[in-house]
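Since the structure comes first, as structure tokens, the remarks are kept for the end.
In the numbering used here, the protein residues as written are 471 to 804.
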């Protein structure tokens, strides 16, 4: 059993660092500026952990250094993923690689701008998001918003290039392309948080925009994540959508690693069939948590219709995967 787990882990690492056998690039040429950004975010995250330990201050009901910690982790993961994806572009396509390199570099620069504002606001004991209480803070929020838009726009040409590129394994290609497109949607969902709420229109307090729906930000929330436990929270669909960029490619890589030991997964088309079901599940979950948040419903108190839809999504996905595995098992047995 131990040797099986070790073999699977080795296969997974090999699949991550090199392309699958069906013609993907033999090695990954990582985007270095994004890797440097990820390393910087590791340092920022460590500093934020120290801040959480020694600084008792809070902002909007949350520990002051929780937001820098969360954003450092998120930006670091995004940077590593985008660096890897850019490295998947075929070396022979020099123009495409150059365009992707510049897009990745632009994203890295503006993510640094965003993080400087977030960390600076925390150091000053202020909230960075939605703060327009003074001309200076409004200018910072405008710069931050422009940075977020620029990061989104920079991801678009990378997504287009990967949609057109030969990524070898059809399952991996589906996961990467779907992950990118869903992530763009998830990043775009952040704009649902930027409009003024009814309460803010009635009683302006220098804040325009909110994470929660139906109540003011800063109420009871889940540890670390900070998601509201008493109202809908638009950060949830933003998080779920954005991290399709990691979840779906990782699912593809795991299936490729398992294929070395499971004959039913050996065919690339079989893995693609399973990944289609997982992409459908992911889209369904994203739509479900978006609707739940907009309805003002807390993630920890799902209504009966939400539970029913979730159960149907899981059942449909399990059924599709089971059919694929049974079909492939029969084919292997002849």
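Just so you know, even glycine gets a beta-carbon here, dropped at the ideal spot from N, CA and C.
Identity of the residues DSSP links to residue i by a beta bridge
{"i": "residue 750", "result": "Beta-bridge pairing links residue 750 to no other residue."}
{"i": "residue 702", "result": "683"}
{"i": "residue 691", "result": "698"}
{"i": "residue 677", "result": "601"}
Whether residue i touches residue j by CB criterion (8 Å)
{"i": "residue 536", "j": "residue 694", "result": "yes"}
{"i": "residue 770", "j": "residue 667", "result": "no"}
{"i": "residue 570", "j": "residue 631", "result": "yes"}
{"i": "residue 739", "j": "residue 787", "result": "no"}
{"i": "residue 614", "j": "residue 603", "result": "no"}
{"i": "residue 683", "j": "residue 660", "result": "no"}
{"i": "residue 669", "j": "residue 686", "result": "yes"}
{"i": "residue 505", "j": "residue 553", "result": "yes"}
{"i": "residue 711", "j": "residue 653", "result": "yes"}
{"i": "residue 722", "j": "residue 642", "result": "yes"}
{"i": "residue 509", "j": "residue 581", "result": "no"}
Rounded straight-line distance, which links the Cα of residue j to that of residue i
{"i": "residue 511", "j": "residue 803", "result": "50 Å"}
{"i": "residue 494", "j": "residue 640", "result": "Any reading at residue 494 needs caution, since the residue's pLDDT is 45, under 50, leaving its predicted position unreliable; the model's value is listed next. Those two C-alpha atoms are separated by around 10 Å."}
{"i": "residue 707", "j": "residue 758", "result": "9 Å"}
{"i": "residue 636", "j": "residue 576", "result": "24 Å"}
{"i": "residue 607", "j": "residue 671", "result": "19 Å"}
{"i": "residue 496", "j": "residue 678", "result": "The pLDDT assigned to residue 496 is 46, lower than 50, so where the model puts this residue is not dependable; a value taken from the coordinates is nonetheless given after this. Rounded to the nearest angstrom, the two C-alpha atoms are 49 Å apart."}
{"i": "residue 521", "j": "residue 533", "result": "9 Å"}
{"i": "residue 491", "j": "residue 726", "result": "The predicted position of residue 491 is uncertain, since its pLDDT is 44 and thus under 50; no value can be drawn from it."}
{"i": "residue 776", "j": "residue 766", "result": "13 Å"}
{"i": "residue 558", "j": "residue 690", "result": "42 Å"}
{"i": "residue 519", "j": "residue 539", "result": "7 Å"}
{"i": "residue 633", "j": "residue 646", "result": "9 Å"}
{"i": "residue 779", "j": "residue 524", "result": "44 Å"}
{"i": "residue 789", "j": "residue 651", "result": "25 Å"}
Residue interval of the alpha helix (DSSP H) (run including residue i)
{"i": "residue 732", "result": "First-last for residue 732: undefined, no H or E at that position."}
{"i": "residue 607", "result": "605–634"}
{"i": "residue 799", "result": "774–803"}
{"i": "residue 640", "result": "640–658"}
- [ ] Write down every uninterrupted run of the beta strand (DSSP E) in the region 484–570 whose length is 3 residues or greater and which is fully enclosed by it, in chain order.
- [x] Fully enclosed beta strand (DSSP E) runs of 3 or longer: not present.
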